[in-house]
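Start counting the sequence shown at 5; every next residue gets the next number (this note's numbering).
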Amino acid sequence: MHDRRTDGLTPWLAWLCALAALSLGPVAAVHAEESATVQRTALITGSNRGIGLEFARQYAAAGWRVIATSRNPSRADELQALSRQYDNLELAKLDVTNVDEIRNLAKLLKDQPIHLLLNNAALLGSRDAQFFGKQDYELAVMQYEVNTLGPMRVIEAFIDNVRAAGPGKIVTLGSAAGSNGYLRPPADFYSYRASKAATHFLMHNLSMDLASEGIVVGLINPGLVDTRGLADIGPDDPVPDDFAQIVKLIRAGVIELTRPEDSVAAMIELIDSLTIENSGDFLNFDGNPMPW
Ligand SMILES: NC(=O)c1ccc[n+]([C@@H]2O[C@H](COP(=O)([O-])OP(=O)(O)OC[C@H]3O[C@@H](n4cnc5c(N)ncnc54)[C@H](OP(=O)(O)O)[C@@H]3O)[C@@H](O)[C@H]2O)c1
């Protein structure tokens, strides 16, 4: 039996369905596919050891394309092992004080989106060389070069890549050591502290500059992270001079170090949650605000 009403409706329905299929359906499907397949990219400085290496490991395991930079990739054994394990992790040479190296890498990555530009590299330096009366000024200048100007150089060089990511985020690792609110005796690490305090200031400043573009500038204190295996030093093992004090405090239970994998896992979660509203804030790895 023929039903004239459905006959009359069928072409309309068919047309509507076709329209939906042509416009909404495929577009929605493409978007869903895109968001499922778009691989995010992280560029990490100083990723051959410590916190940077752990960031490289965790972002690679999460499927990101990781551009793991270091001063000497040919001698970065653990990073090389990671690149054999993950196709999505590539090594690149980058000394954050070397303008030519920065420029060359920026040229290589031209027009490629960077979703996370992670300024991790830093120079702590020997504690002995950073007391009042014993300050090594060459070290102080180098710390300013690496810790303070390094992130600025890297950000200026890769800002178009961050913009191209829709935009991406810029995250720099600060330090409680560079916080006035955290300053307690003994007065040590003069120049490291000062270089980090200056970095905090620059990132805060930068966040204001980039806010109108929606670029989030994160500044995170990773906590007291055991990047040198101090918690595992046995009672009869030799203790590096620079860390003798810290090891004493660890053994006395006065301070507790966070494992790199735990600090980095928490920071990745925090980075993911950063929005333009908290851009430029100084945050602890657990998300709590840090005093400047
Ligand atoms: N660990 C902590 O408890 C702690 C606490 C507060 C803040 N932070 C911050 O967290 C970040 C990582 O700390 P970490 O403990 O992992 O440090 P780390 O173990 O001392 O490693 C520092 C990294 O920076 C690299 N680096 C040094 N100078 C460089 C340069 N000119 N160009 C490029 N890379 C350079 C080092 O490379 P080389 O191997 O070639 O020297 C190394 O990969 C730093 O920004 C640090 O200030 C750490």
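Glycine included, every Cβ here is placed at the ideal spot set by N, Cα and C.
Keep in mind that this is a model prediction, so the values were computed, not measured.
Anticipated Cβ contact below 8 angstroms, aspartate 49 with valine 158, distance rounded: With the sequence shown as reference, residue 49 is identified as threonine, and aspartate is not the correct amino acid for it. With a Cβ gap of about 6 angstroms, threonine 49 and valine 158 count as contacting.
query: Cβ-heavy atom distance between glycine 154 and ligand 1 below 7 angstroms?
result: yes
message: Using only the alpha-carbon positions, how far apart do isoleucine 272 and leucine 223 sit?
response: 13 angstroms
message: Mapping the DSSP letters down to three states, classify glycine 222 as helix, strand or coil.
response: strand
- prompt: When you compare only the Cα positions, how much space is there between glycine 172 and alanine 60?
  reply: 17 angstroms
field: Own chain, CB closer than 7 angstroms to tryptophan 296, minus 5 neighbours either side, in chain order
entry: Ser183, Asn184, Gly185, His204 and Phe286
task: Excluding the 5 residues preceding and the 5 following valine 196 in the sequence, name in chain order all residues of the same chain whose CB lies nearer than 7 angstroms to its CB.
output: Per the sequence shown, the amino acid found at residue 196 is tyrosine instead of valine. Contacts found: Leu128, Gly129, Gln134, Gln147 and Ala181.
task: Measure the C-alpha to C-alpha separation of histidine 35 and alanine 64 and round it to an integer number of angstroms.
output: Note that histidine 35 has pLDDT 45, beneath the 50 cutoff, so the model's placement of it is unreliable and no number is given.
query: Leaving out the 5 sequence neighbours to the left and right, which residues in its chain are closer than 8 angstroms to arginine 107 when beta-carbon positions are compared?
result: Ala161
query: Applying the criterion that 16 or more other CB atoms from any shown protein chain within 10 Å of the CB defines a buried residue, is asparagine 292 buried or exposed?
result: exposed
query: Between isoleucine 163 and leucine 261, what straight-line distance do the alpha-carbon atoms span, to the nearest angstrom?
result: 34 angstroms
task: Report buried or exposed for proline 264, applying the criterion of at least 16 other Cβ atoms within 10 angstroms of its Cβ.
output: buried
task: List the residues that DSSP assigns as beta-bridge partners of phenylalanine 286.
output: Leu223
task: Measuring alpha carbon to alpha carbon, tell me which of Trp68, Leu57, Asn209 and Tyr194 ends up nearest glycine 137.
output: Tyr194
field: Strand pairing of lysine 97, partner residues [DSSP]
entry: Ser74
- prompt: What's the gap between the Cα of leucine 214 and the Cα of glycine 227?
  reply: 27 angstroms
query: When the cut-off is 8 angstroms and only beta carbons count, does alanine 191 lie next to chain D?
result: Reference to chain D is not applicable here, since this structure consists of a single protein chain.
message: Just to confirm the assignment, what range does the alpha helix (DSSP H) spanning leucine 109 have?
response: 103 to 112
query: Just to confirm, does valine 229 get its C-beta within under 7 angstroms of one of the non-hydrogen atoms of ligand 1?
result: yes
field: Cβ-heavy atom distance, glycine 222 to ligand 3, below 7 angstroms
entry: This structure simply doesn't include ligand 3; it includes ligand 1 instead.
8 angstroms CB neighbourhood of glutamine 116 in its chain, flanking five on each side removed: Thr45, Asn165 and Ala168
query: Tell me which same chain residues have a C-beta within less than 6 angstroms of the C-beta of proline 77, skipping the five on either side of it?
result: Leu95 and Lys97
task: Per DSSP, which residues does alanine 235 bridge with? Please list them.
output: According to DSSP, which records beta bridges pairwise, alanine 235 is partnered with nothing at all.
- prompt: When the Cα of aspartate 245 is compared with those of Leu278, Asn151, Arg131 and Leu112, which residue comes out closest?
  reply: Arg131
query: Thinking C-alpha only, which one of Ala126, Ile71, Asp266 and Ser51 is nearest alanine 201?
result: Ala126
message: With the cut-off set at 8 angstroms, would you say valine 243 and isoleucine 280 are in Cβ contact?
response: no
task: Could you please give me the residues that DSSP links to isoleucine 48 through a beta bridge?
output: Ala72 and Leu122
query: Any chance the CB of serine 183 is under 7 angstroms from a heavy atom of ligand 1?
result: no
message: Buried or exposed for valine 175, going by 16 or more other Cβ atoms inside 10 Å?
response: buried
- prompt: Taking all protein chains shown into account, do 16 or more other C-beta atoms lie within 10 angstroms of the C-beta of asparagine 225, making it buried, or fewer, making it exposed?
  reply: buried
field: Reference leucine 57; option with closest CA among Ser283, Leu122, Val103 and Asp91
entry: Leu122
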